[in-house]
Structure formats: C-alpha cells, structure tokens
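Structure first, commentary second.
Chains as they are written, first to last, in the numbering used here: chain A, 3 to 644; chain B, 2 to 137; chain C, 43 to 480.
Now the structure itself:
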C-alpha cells in the first residue's frame with residue numbers, strides 16, 4: 003500500500019479551471035491519508051512543471067503519483083515518463099481525466115463538474131494506493147514489415163524501408179502495381195506521367211533484394227501483435243507461367259473471344275478476359291480474369307505460357323509491423339445525379355482516360371467535343387448525402403485537366419460549375435492559368451445545385467450564379483464532366499482484418515491528427531496515403547514516408563518492450579475449468595500441472611491484457627494488474643460515496 | 002444552470018474501454034456535448050473484462066445504474082467481444098433479479114470511438130429512466 | 043567561449059518548430075545524434091503560441107508541450123536556442139561542415155528556476171514580441187509561461203545595465219560576461235525547417251493597420267484567445283471594450299500580386315474559422331463576419347468544421363474588402379463589393395482582424411557556401427522531386443521539412459517532417475556505409 007503520494011491538479015490554462023474549482027479539488031484531497039503533497043499547476047505538461055514533479059518524487063521520496071489533467075490518451079505517456087525520471091515505477095502513476103470527461107463535458111454545470119472532479123481524483127488516489135510496481139516484458143521484434151497496397155504510396159514506403167535494411171513484403175490485391183496513379187497520364191506539378199512515376203518506383207523496388215512483391219494477393223487473417231504479427235496472405239493465380247513468351251501472350255489476348263467492361267478505363271472501353279491494362283504495365287505479364295474467363299481454350303491454342311492448373315495459395319508471414327496504403331475509390335455517381343446516365347455525361351476519371359485516348363481531336367461517342375461543362379463536388383461536400391467532406395484534390399485536378407485540353411486540342415471552351423475553387427497553397431497558380439486561358443467560372447449556391455438536362459442533342463447545365471449576383475445562367479455543353487471525389491475503398495475488408503477504426507468520413511482513422519498522424523489504435527499498424535483521407539500525390543508521399551519512419555522505429559532495434567499489464571492466475575484457488583482458455587482470443591492460456599493439480603498458465607508474451615478471461619472464471623482466480631478487484635472495487639466505493 | 006444542485010440526480014457508473022468507447026466519451030467533452038455530471042467512468046481494456054462482482058459492488062455502494070459502453074464489433078481483441086459482453090450482462094442481470102434489483106438498471110450498448118453523440122443520448126435517456134424509477 | 047570546438051552529429055536540423063521537432067525526434071528515435079537549433083529563445087516555433095487548433099479544437103500548447111519536452115529530454119538530441127548555422131560546406135564524401143553561432147542569453151539556463159524575480163526588478167518596459175505587441179515586457183524576461191527552456195533572458199538591446207536583475211536573482215544565474223559562441227560542427231545531413239514569417243499588413247495601407255487601433259492581425263487575436271493569453275478576455279485595443287461585432291478580412295497578403303504573394307497561404311481560412319468559433323464561445327453575444335474570396339476548407343475534417351461554424355452563426359460574406367476607414371469612436375467602416383448582390387457595400391464593425399498570410403523566411407540560401415540551395419518562384423525552398431521525394435532539395439543530403447517548402451497546416455507540416463526524417467535517415471545510412479567501404 004502506497005503511503006507517500008503526490009497529487010498534481012492541472013488548470014490547463016483555464017481549460018479545466020474555468021469550470022472546475024481546482025482549489026476546492028486540492029482542498030478536498032490534501033488531507034487524505036497517504037497523500038504527501040497536493041499541488042495545483044497552470045500546465046502540468048509544461049517542461050518546468052514536469053521537472054518540478056520529478057524533483058518532488060525524488061526529494062520527497064514519493065511512492066505514488068496522481069496527475070489530474072486532460073485525457074490519458076494525450077498525456078499518460080508524458081506523466082508516466084515523469085514518474086520514471088523521478089525514480090518511480092511508472093505503474094505507480096495514475097492519470098485522472100478531469101478535462102475531457104469533467105470540465106469540458108460539464109462546462110454547463112460548474113458545481114457538478116467540481117464535485118465530479120473531486121471524486122475522480124479521490125478514486126485515482128485509492129487506485130494508486132493499491133498499485134504495484136511492474137517491469138516491461140521484453141520481446142523480439144521481427145525486422146520485417148508488410149506493406150499493403152502497391153500504389154505509389156505503398157511502393158514509395160516499401161522502397162524507403164528496404165533502403166533502411168528492412169525485409170519488406172509488398173502485398174497488392176490487383177495483378178498489377180501502380181494503383182490509381184497508373185490510370186493517369188500527365189501529372190500536375192511534374193514532368194513525368196503517372197505511368198512513368200509508377201514504372202520508376204517499380205524499377206526501384208524490383209531491383210531491391212529486400213523487397214518481395216506479391217500481386218493478386220490479399221491479407222485475409224492477422225494474429226499476434228506489435229513486433230510479431232502473423233499474417234495469412236491469399237494469392238490468387240495469374241494463370242501465366244513464370245517463364246513466358248511475350249509474343250504468344252499478345253496473340254492470346256487477340257484470340258480471346260470474351261469482351262467485358264474495362265474497369266481500368268472506367269468502363270468506357272472493353273477488354274478481353276486475358277488482359278493487361280497498358281503496354282508498359284508491371285509486372286510485364288498479362289493476367290486472366292477468372293470471373294469472366296469461359297475456359298474456351300482459345301488462348302491455350304496459340305500460347306504455351308498459359309497454365310490453368312495454377313492454384314490459389316495461402317502463405318503465412320511473420321512481420322514486425324504492418325503499413326496499410328490501400329488507397330481510395332473514385333465516387334460513383336448515382337443514376338440521375340447531375341444527369342448521370344443521360345448520354346454525354348462522364349466522370350473526371352473517365353474524362354482523363356478519354357483525353358489519354360484522343361490525340362489531336364477530342365472525340366466522345368463519335369462526336370467532337372468543344373464545349374465542356376465541369377460540375378464540381380460530385381460526391382463531396384454533399385448537402386443531403388453522407389459525404390460531408392471535401393475531397394481535396396479535385397479542384398486542382400479539374401483545372402489542370404482543363405489546361406491539358408487547351409494544350410492538346412483547339413477551340414476548347416471550359417465552364418466550371420463550382421462551389422468555390424479550393425486551389426490551396428501554390429496550386430493557386432493553376433487557377434490563375436485556367437483563368438488566363440479564358441475558362442469561365444460559375445458558382446452555385448450550396449442548396450441549389452446545377453441542373454443537367456438533355457436539350458436538342460446537347461446537354462444543358464443551368465444554375466443560379468453567385469458570381470453574377472444570382473442571375474440564371476445556362477450552358478449547352480458537348481460533354482458534361484462530373485468532378486467526382488474520393489471515397490474510402492468500397493471493399494474495405496482489409497480494415498476489418500486489421501481492425502483499424504474508421505472516422506466519420508469512413509476513411510481509416512489515425513490516433514491523433516497532429517501527435518500521431520500515421521499510427522492507428524492497433525499498435526504496430528500504420529496507415530499512409532488516401533486510405534486515411536483524400537490526398538494528392540505529394541501529400542500521399544509525405545504520409546507514406548512518415549508511416550515508413552514510424553514502422554521502421556518499431557522494428558529497427560529488433561526488440562520491443564511490451565506493457566506488462568497482463569492476466570495473472572492465483573495458483574491456490576484455480577481449479578482448471580478451461581473457461582478462461584476458451585475466452586482468450588489469443589490462445590495465451592493453457593493447462594499445466596503443478597503440485598499434482600491442474601491449473602491455468604498464461605503465456606506472457608502472447609497475453610495482450612484484454613481481460614476477457616477475468617469475468618468467466620468461476621472461482622475468481624484471475625486478476626490483472628491495474629485492474630485488480632482491489633483497485634476497481636475501491637474506486638467504485640469512492641465514486642459511489644456521497 | 003446547475004443541474005447537480007438536485008441531490009436526487011441518479012449516479013451512473015460507466016465501464017468504458019481504453020481504445021474504443023473512452024475516446025468517444027472524451028470526444029463528447031471535446032465537442033461540449035453535455036450530459037449529467039453524475040456519470041462516472043472507469044476505463045478498462047475491453048468491455049468483455051467486466052466482472053459481474055464489480056457491477057454488484059457498484060449497486061451495493063449506491064450507484065443507481067451501471068452502463069457498459071461496449072467495444073462491439075470494433076473491439077481490437079476480436080470479434081467475439083460483442084457476444085462475450087452480452088453474456089456478462091445477461092448473467093449479471095439474472096444475479097440482480099435474484100437480489101431484487103431492477104435488471105434494467107444495468108445497460109449496455111456498443112459505443113464506437115466516434116459515437117460521442119450516441120453516448121450522450123444513452124446517458125440522458127438512462128438518467129431519465131433512473132429518475133422515473135426513483136420517484137415511483 | 044569554446045571557440046572552434048569541433049563536434050560531430052549525424053544530422054543538423056535548422057529550426058525547432060513543429061516540423062523540425064518532428065524530424066529531430068524521428069531521427070533520434072532510431073539512434074541518430076541530432077543537433078537541433080533555433081534562432082529564437084525557445085523551441086516550439088509558431089505552434090506553441092497558438093490557442094486551439096483546427097479542426098479538432100484541441101489546445102495547441104497541450105499538443106506542442108509534450109513534443110517539446112520529449113525533444114528537450116531526448117538523449118540523442120542536443121537543442122541550442124538563440125543559435126544559427128552558416129557557412130555550410132558539403133565535403134566530397136557527401137558530409138557537411140557548418141559554423142554554429144550562439145548569441146549570449148546572459149543567463150545560465152541550468153541555474154535559472156524561472157522564478158521571475160528579475161522580471162519584477164527590471165525597470166525597462168518594451169513591447170512583448172511573443173504577445174505580438176499586445177502588452178509590454180521587461181528587458182529581463184521569460185519569453186512566455188510554457189517556453190522551453192523556461193528560463194530568463196536579457197534583451198541586451200534594451201537593457202540599461204542597471205544591475206537590478208542581478209541583485210534580485212536568488213541563484214546568481216545572470217551573467218553579463220557571456221559572449222557570442224562560434225564553433226564548427228560536422229554532420230552527415232542537414233534538414234532545413236526554417237518555417238515562415240507573417241505578412242506585414244502595413245504594406246496594405248488602405249487597411250489602416252498601425253494607424254487604426256482596432257485593426258489587429260490574426261496572430262494578435264490568436265494570442266488573446268490562447269491559454270497563455272495576456273488578458274483574460276478579448277479586448278479591443280482603443281478603449282479596452284469587449285468587441286461585439288468583429289470582422290475578419292481574409293487573404294490579407296495572400297493571393298495578391300500587388301504585394302508580391304500570388305499564392306494562397308493555405309491556413310488563413312481555417313484559422314479564421316477557428317477563431318470565429320472560439321470567439322462565439324468567449325463572447326456569446328458577438329457577431330462575427332468573415333469577408334472571403336473562397337473558403338479553402340480542404341483537409342480532413344475541415345469542411346465539416348466550416349459547416350459547424352456556419353451553423354453556429356458565423357457570417358461568411360463573399361467579397362474583397364477594398365478599404366477600411368476609422369470613425370471617431372474607434373469603430374471601423376469596411377467598404378467591399380458584395381459578390382452576392384453585386385453592389386459596393388459599407389458595413390460598420392467595432393474590431394477588424396486581418397487574416398494575414400504567411401511568407402517564407404529569408405536568407406536560407408545564404409547558409410550554404412559551395413552548393414546552391416534553389417528556391418521556387420515564391421522564395422520557398424524548391425523541391426527537387428516533389429512527387430517522389432517531397433523532402434529532397436537541390437543539394438543531395440539536404441532535406442526540407444514543413445512550411446520552408448510551401449505553405450501548409452500543422453498536420454501537413456508534421457507529415458512533411460516525418461518524410462524528411464525518413465529520407466535523412468536513409469542518407470545518413472548511405473554516408474555511413476560509404477565511409478565503412480572506404
């Protein structure tokens with residue numbers, strides 16, 4: 003039992019003390035038995051306060067520490083480190099959350115907030131009294147990292163990690179690398195095309211002995227934890243032999259009688275059941291689309307490289323960290339949304355493919371296109387729909403596309419039906435350039451989106467224009483381009499496998515946007531690129547390199563110290579009924595014989611401290627440090643007290 | 002407005018979870034979504050770790066209600082969590098009935114890491130329910 | 043005092059703001075020795091001065107201080123404040139040498155307890171640059187309450203050498219014999235994280251900043267809203283009255299070719315929206331109006347944050363403010379073209395906040411002697427390969443982090459710092475390998 007406890011109550015510069023009477027809280031706890039000193043401080047987290055606390059610990063020989071401040075998610079690590087610097091075991095530190103769960107939650111009720119803060123601090127004091135010292139558990143960390151997704155973010159992270167000497171498994175669900183960027187030609191702000199960027203990155207990882215690339219591969223199971231994740235990878239067959247004949251394969255594509263919508267070109271063209279998306283695509287081998295292949299055998303007749311005997315494989319890998327860079331899907335407009343489905347209405351990604359296919363004249367469905375109407379924020383900033391967020395990249399991407407059309411074709415007229423152009427930062431120059439080229443900007447009211455109708459073979463877009471004080475303006479366009487935003491992947495099963503939480507916008511969520519922007523609540527799993535939220539290429543690269551730095555710091559030493567908060571069995575009272583082992587999701591509990599008696603034993607490095615075994619034990623023989631009956635029940639008594 | 006001046010306001014003990022529901026409770030504060038101040042939270046690693054004896058203890062000591070802010074399907078420790086927490090609640094409710102305590106004074110709902118509005122709503126309706134029980 | 047002492051580090055990080063700090067921490071966490079320098083008296087850059095940060099409204103000090111103290115304590119990081127680097131030379135083997143100059147603080151930091159008795163004793167009063175001139179400070183002063191190091195400094199330019207602080211100091215830590223320290227260090231990589239400066243609104247005379255008392259900058263408002271704020275509330279400067287009708291003029295010094303800044307500063311829309319929300323809390327009766335051209339609410343959670351401000355009652359008026367005039371009572375008349383009505387309109391406000399844009403810090407290229415650090419057309423450090431290696435500059439082995447390369451918000455600066463650390467770590471490894479092979 004701790005008897006020399008230091009209690010520090012933070013004002014948080016008013017965030018707490020504006021609503022909680024901090025003085026009253028200190029008065030209420032200062033005479034509790036075992037409390038050696040109680041202090042209130044403007045910012046407990048400030049360097050000087052931290053120094054004061056650690057000095058107090060060593061000078062006054064404190065054996066327990068309570069800091070009442072903000073959420074432990076923010077500062078538990080800070081103050082447990084302070085405890086350690088003062089010479090205290092960090093498990094003799096208890097954090098009391100009186101900001102997020104008191105002052106802010108009850109800013110409407112100062113008396114109630116103060117009363118609650120007193121009880122919470124008192125409960126923290128009884129908890130620290132019962133606390134014990136613990137030592138971290140040291141485990142080996144695998145010096146390997148799984149990077150999920152071989153788009154530009156994933157490939158860039160893989161290259162960086164490989165350069166740092168880490169074994170990288172780069173796992174891509176498609177049969178080709180490059181992700182969304184391979185669908186782009188000219189890139190804004192660069193001299194290279196999307197395909198060139200992809201090729202460049204691929205060549206770098208391809209020559210690297212530290213990278214193993216799996217295509218057609220998907221993680222279907224994850225177990226273990228930080229430092230030692232066990233993942234199961236399902237690899238679907240490509241049905242092409244490793245040693246293959248390129249000319250014969252081209253012939254095979256030619257003779258394939260199956261034609262399906264080409265999703266690489268967003269369904270504006272058709273492709274065969276044996277296909278590759280473009281000539282220089284990597285790996286430089288076509289694949290067979292198993293869903294649509296009829297096994298007619300035509301390809302086998304002309305090509306010796308086809309191998310239908312290839313089977314699905316399951317591969318088990320052990321990695322120290324997982325970096326998810328699984329990307330986004332473009333928003334798919336609904337039938338009738340801004341004229342979607344009435345003929346010459348396409349999405350921006352489709353339009354980019356069309357530009358790519360048309361050399362000197364812009365032709366769509368046999369007609370030359372001159373007048374183009376872009377409708378912005380389709381699937382983003384929705385007034386009625388679920389997507390309240392801005393997709394960030396699209397204003398610039400659209401203006402850049404418009405500039406491209408001016409450069410590539412003659413007599414193009416662009417009309418931008420926007421909701422306020424968001425060319426942030428240096429991208430402003432793109433907006434300037436489009437304006438100089440004579441593009442016309444029309445802005446609609448939030449609740450009055452443009453209307454698209456078909457009129458005499460032309461598609462008409464009509465709005466009430468803010469920029470000309472509400473006059474009704476309409477444009478007859480040869481082609482309407484819906485500027486579709488980014489959405490989280492429709493198939494986000496990988497998130498379920500990894501158990502990464504999603505935010506309100508359904509993108510994967512970081513722990514803290516500013517403190518830990520690439521880490522997730524699952525220790526050892528980092529996120530990068532557009533799976534975390536809409537980003538342009540440079541922003542994706544920054545997040546990929548940041549995530550690489552974070553994942554690297556987990557595995558680089560080859561060992562990790564883990565939280566010692568794990569289940570403990572009381573050997574005296576345990577009678578082995580097996581219910582704990584049944585409840586354990588990690589197979590950490592097994593039966594052993596000790597002194598002629600069957601009892602449960604916990605595997606220290608496998609137990610994750612979830613506590614699922616605690617309530618199922620009929621003889622109440624399992625406890626967990628930090629959450630023992632003594633600690634929890636004494637807290638309950640204090641919180642209940644009047 | 003000082004609601005707590007009313008000493009009859011019921012006391013609720015919430016078991017939240019460190020990684021999932023406690024962040025939602027934090028966010029309720031961050032967004033200044035107010036709820037009755039006599040709601041006290043004990044964060045634990047997982048909602049399937051709540052021992053029935055802790056719940057019984059809470060009622061013995063004077064709590065009017067106990068709420069388990071469960072991980073639900075977001076549980077970082079496995080999909081079985083929802084069922085396991087459900088089983089704990091069911092078992093404890095039977096124990097409560099035996100003791101003559103209204104089983105509805107123990108509630109559980111899945112609170113995801115951004116479900117702060119749902120949490121606040123739960124706290125408000127639960128308080129209302131407990132007030133009604135008290136006055137009856 | 044130890045002239046020409048030679049020290050070796052793996053990395054020299056110039057600028058200890060949030061981007062430089064993130065870079066230094068990441069590098070240090072994987073075992074690299076880092077020298078982190080800042081020309082200011084404290085680390086934490088601009089961020090530590092902010093109130094709450096968008097779009098989560100968490101307190102900026104609460105996010106910065108743990109990082110700052112982690113930096114200060116890290117065994118692999120040496121932090122030097124009041125320090126600048128110059129004469130950086132790249133050697134043939136790819137490593138660097140730099141001249142490090144530390145200005146005297148006239149206070150022995152290790153002995154200072156931050157008791158502030160010297161401040162009480164000092165008779166000199168000058169404008170407090172950390173509070174953006176809202177209040178005064180002494181010549182012997184602690185920069186601000188959460189500064190790191192939280193130690194006094196003597197502002198020698200304004201000091202009268204009266205000796206009052208020396209007499210008042212209980213630990214005798216004031217030392218007027220300190221002189222400029224200069225020495226050369228060796229390092230394998232250099233990270234430029236020199237941040238930004240704010241646009242000076244006196245360059246737009248028609249807004250009256252400096253002449254009209256109740257026209258202030260957004261940073262001055264930020265300080266009035268911060269937890270370490272000088273007053274305990276928001277006041278207008280002319281008469282100390284609580285304002286109840288505040289206007290924000292966005293794009294002050296951004297997207298304005300006439301003042302040489304054609305680009306968007308990327309943060310002003312959101313910080314103004316944030317301040318508007320905080321003001322609604324601090325002054326519940328006040329009307330807040332933002333005059334804007336386009337609202338750039340592009341980042342994660344930003345658009346939702348903008349919508350939240352609108353639903354709280356913040357008024358957004360699309361229109362460029364042409365001129366501000368002052369009335370006798372200190373109120374201000376804004377003349378602008380209201381784009382919604384197409385008419386030139388005048389409205390009266392009792393306080394105007396100029397949402398000033400950001401500009402790159404100057405003089406970065408001069409730090410390097412035998413290599414040229416290229417700048418882009420807007421004087422930010424040019425990114426040699428922005429899509430593939432955003433941190434790469436024109437000099438191999440020199441990387442850029444944060445706003446030094448482009449305007450960006452805090453989350454983007456931290457990611458940029460992370461990216462720079464990753465590439466710098468690889469360069470260090472590359473150099474180390476080469477040395478072993480030789």
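All C-beta atoms in this analysis are idealised placements derived from N, C-alpha and C, irrespective of residue type, glycine included.
Drop a sphere of 10 angstroms on the beta-carbon of residue 633 of chain A, count the other beta-carbons inside from all chains shown, and report buried for 16 or more, exposed for fewer. The count along the first chain starts at 1 and reaches residue 633 of chain A at position 631. Buried is the call here.
With a floor of 3 residues, list each beta strand (DSSP E) that falls wholly inside the stretch 56-140 of chain A, ordered by position along the chain. 66-71, 95-99, all fully within the stretch 56-140 of chain A.
Of all the alpha helix (DSSP H) runs that stay within the bounds of the stretch 67-130 of chain C, which reach a length of 4 or more residues? Contiguous alpha helix (DSSP H) elements confined to the stretch 67-130 of chain C occur at 102-115, taking only those with 4 or more residues.
Helix, strand or coil: how does DSSP classify residue 514 of chain A here? Position 512 of the first chain, counted from the first residue, corresponds to residue 514 of chain A. Strand.
How many angstroms separate the CA atom of residue 213 of chain A from the CA atom of residue 173 of chain A? By 1-based counting over the first chain, the position of residue 213 of chain A is 211. By 1-based counting over the first chain, the position of residue 173 of chain A is 171. Near 10 angstroms, if we compare the C-alpha coordinates of residue 173 of chain A and residue 213 of chain A.
On the DSSP bridge assignment, give the partners of residue 224 of chain A in chain order. As a first step, residue 224 of chain A must be located in the first chain, where it is residue number 222. Looking at the DSSP assignment, residue 224 of chain A forms a beta bridge with A:233.
Interface flag, residue 422 of chain C vs chain A, CB-CB below 9 angstroms: The residue given as residue 422 of chain C occupies position 380 in the third chain. Taking Cβ atoms only, chain A reaches closer than 9 angstroms to residue 422 of chain C, which makes this a yes.
Segments assigned alpha helix (DSSP H), at least 4 residues, entirely inside the stretch 151-213 of chain C: Runs of alpha helix (DSSP H) with 4 or more residues, each lying fully within the stretch 151-213 of chain C, are found at 159-163, 206-210, listed in chain order.
With 9 angstroms as the threshold, decide whether the Cβ of residue 104 of chain A is near any Cβ in chain B. Residue mapping note: residue 104 of chain A aligns to position 102 of the first chain, counting from 1. Closer than 9 angstroms to some Cβ of chain B, the Cβ of residue 104 of chain A qualifies, so yes.
Can the beta-carbon of residue 61 of chain C be found closer than 9 angstroms to that of residue 78 of chain C? Indexing the third chain from 1 puts residue 61 of chain C at position 19. Indexing the third chain from 1 puts residue 78 of chain C at position 36. It is not a contact, given that the beta carbons lie outside the stated cut-off.
Contiguous alpha helix (DSSP H) assignments of at least 4 residues, all confined to the stretch 28-100 of chain B: Fully enclosed alpha helix (DSSP H) runs of 4 or longer: 53-62, 82-99.
Any non-hydrogen atom of the ligand ADP within 8 angstroms of residue 79 of chain A CB: Ligands displayed in this structure: none; no statement on the ligand ADP is therefore possible.
Counting pairs of Cβ atoms below 8 angstroms between the stretch 231-242 of chain C and the stretch 460-468 of chain C, do you hit three or more? Contact annotation: the stretch 231-242 of chain C touches the stretch 460-468 of chain C, with at least three C-beta pairs closer than 8 angstroms.
Would residue 128 of chain B pass as an interface residue toward chain A - the criterion being a Cβ-Cβ separation below 9 angstroms? Working through the second chain from its first residue, we reach residue 128 of chain B at position 127. With respect to chain A, the C-beta atom of residue 128 of chain B has no partner C-beta closer than 9 angstroms.
Check residue 180 of chain A in the structure and name its three-state DSSP category. In the first chain, residue 180 of chain A corresponds to position 178, counting from 1. Strand at residue 180 of chain A.
Residue 269 of chain A in three-state terms, based on DSSP: As a position in the first chain, residue 269 of chain A is number 267, starting the count at 1. Here residue 269 of chain A sits in coil by DSSP.
Cα separation between residue 128 of chain A and residue 191 of chain A? Taking the first residue of the first chain as position 1, residue 128 of chain A is located at position 126. Taking the first residue of the first chain as position 1, residue 191 of chain A is located at position 189. When rounded, the distance between both Cα atoms is 60 angstroms.
Could you tell me whether the Cβ of residue 517 of chain A comes closer than 9 angstroms to any Cβ of chain B? Here residue 517 of chain A corresponds to residue number 515 of the first chain, with the count starting at 1. Not a single C-beta of chain B is nearer than 9 angstroms to the C-beta of residue 517 of chain A.
Beta-carbon of residue 146 of chain A versus every beta-carbon of chain C: anything under 9 angstroms? Along the first chain, one-based indexing puts residue 146 of chain A at 144. The beta carbon of residue 146 of chain A does not come within 9 angstroms of any beta carbon belonging to chain C, so the residue lies off that interface.
9 angstroms is my cut-off, CB to CB: does residue 209 of chain A come that close to chain C? For this step, residue 209 of chain A is matched to residue 207 along the first chain. Residue 209 of chain A does not count as touching chain C.
Excluding five sequence neighbours on each side, which residues of the same chain lie with their C-beta closer than 6 angstroms to the C-beta of residue 445 of chain A? The residue given as residue 445 of chain A occupies position 443 in the first chain. Taken in chain order, the residues that qualify are 420, 468, 469.
Where residue 13 of chain A meets chain B, residues with beta-carbon distance less than 8 angstroms: Residue 13 of chain A sits at position 11 when you count from the first residue of the first chain. Here the premise fails: no neighbours, minimum Cβ distance about 16 angstroms.
Taking its Cβ as the centre, do 16 or more other Cβ atoms sit within 10 Å of residue 324 of chain A, making it buried, or is it exposed? As a working note, residue 324 of chain A is residue 322 in the first chain. By the 10 Å Cβ count, residue 324 of chain A comes out buried.
Let's see if you can read the secondary structure: which residues bound the alpha helix (DSSP H) around residue 556 of chain A? As a position in the first chain, residue 556 of chain A is number 554, starting the count at 1. Segment 539-557, the alpha helix (DSSP H) holding residue 556 of chain A.
Under the rule that 16 or more other beta-carbon atoms within 10 Å means buried, what is residue 51 of chain C, buried or exposed? Start at 1 with the first residue of the third chain, and residue 51 of chain C comes out as number 9. Buried, by the Cβ-count rule.
By how many angstroms is the C-alpha of residue 229 of chain A removed from the C-alpha of residue 125 of chain C? For the purposes of this step, residue 125 of chain C is taken as the residue at position 83 of the third chain. For the purposes of this step, residue 229 of chain A is taken as the residue at position 227 of the first chain. Within the model, the alpha-carbon separation for residue 125 of chain C versus residue 229 of chain A is close to 40 angstroms.
Below 9 angstroms between beta carbons: does that hold for residue 56 of chain C and residue 409 of chain C? Residue numbering aside, residue 56 of chain C sits at position 14 when the third chain is read from its first letter. Residue numbering aside, residue 409 of chain C sits at position 367 when the third chain is read from its first letter. Contact flag set, yes.
Rounded to whole angstroms, what's the CA-CA distance from residue 297 of chain A to residue 604 of chain A? Just pull it up for me. As a first step, residue 297 of chain A must be located in the first chain, where it is residue number 295. As a first step, residue 604 of chain A must be located in the first chain, where it is residue number 602. Residue 297 of chain A and residue 604 of chain A: Cα-Cα distance of roughly 53 angstroms.
Quick one, which of C:284, C:70, C:262 has its alpha-carbon nearest residue 372 of chain C's? The residue labelled residue 372 of chain C in the question sits at position 330 within the third chain. Selected option, being the one with the closest Cα: C:284.
Buried or exposed for residue 48 of chain B, going by 16 or more other Cβ atoms inside 10 Å? Reading the second chain from its first residue, position 47 is the one you call residue 48 of chain B. It counts as buried.
If you count every other CB in all the chains shown that lies within 10 Å of the CB of residue 449 of chain A, and 16 or more means buried, which is it? Working through the first chain from its first residue, we reach residue 449 of chain A at position 447. By the neighbour-count rule (16 or more Cβ atoms within 10 Å), residue 449 of chain A is not buried but exposed.
Compute the distance between the beta-carbons of residue 30 of chain A and residue 71 of chain A, then report whether it is under 9 angstroms. In the first chain, the residue the question calls residue 30 of chain A occupies position 28. In the first chain, the residue the question calls residue 71 of chain A occupies position 69. Not a contact, by the Cβ cut-off of 9 angstroms.
Thinking residue 37 of chain B and residue 128 of chain B are a contact (beta carbons under 8 angstroms), I'd like their distance in whole angstroms, please. Counting from one through the second chain, the residue named residue 37 of chain B turns up at place 36. Counting from one through the second chain, the residue named residue 128 of chain B turns up at place 127. About 5 angstroms separates the beta carbon of residue 37 of chain B from that of residue 128 of chain B, a gap short enough to meet the 8 angstroms contact definition.
What is the rounded straight-line gap between the Cα of residue 266 of chain A and the Cα of residue 390 of chain C? For the purposes of this step, residue 266 of chain A is identified with residue 264 of the first chain, where counting begins at 1. For the purposes of this step, residue 390 of chain C is identified with residue 348 of the third chain, where counting begins at 1. If I take the Cα positions, the gap works out to 56 angstroms.
Sequence ranges, beta strand (DSSP E) only - wholly within the stretch 420-505 of chain A, length at least 3: Within the stretch 420-505 of chain A, complete beta strand (DSSP E) segments of at least 3 residues are found at 442-445, 453-457, 460-467, 473-479, 481-486, 488-490, given in chain order.
Distance check for residue 103 of chain C and residue 91 of chain C, CA to CA, integer angstroms please. For this step, residue 91 of chain C is matched to residue 49 along the third chain. For this step, residue 103 of chain C is matched to residue 61 along the third chain. Rounded to whole angstroms, residue 91 of chain C to residue 103 of chain C spans 7 angstroms at the Cα level.
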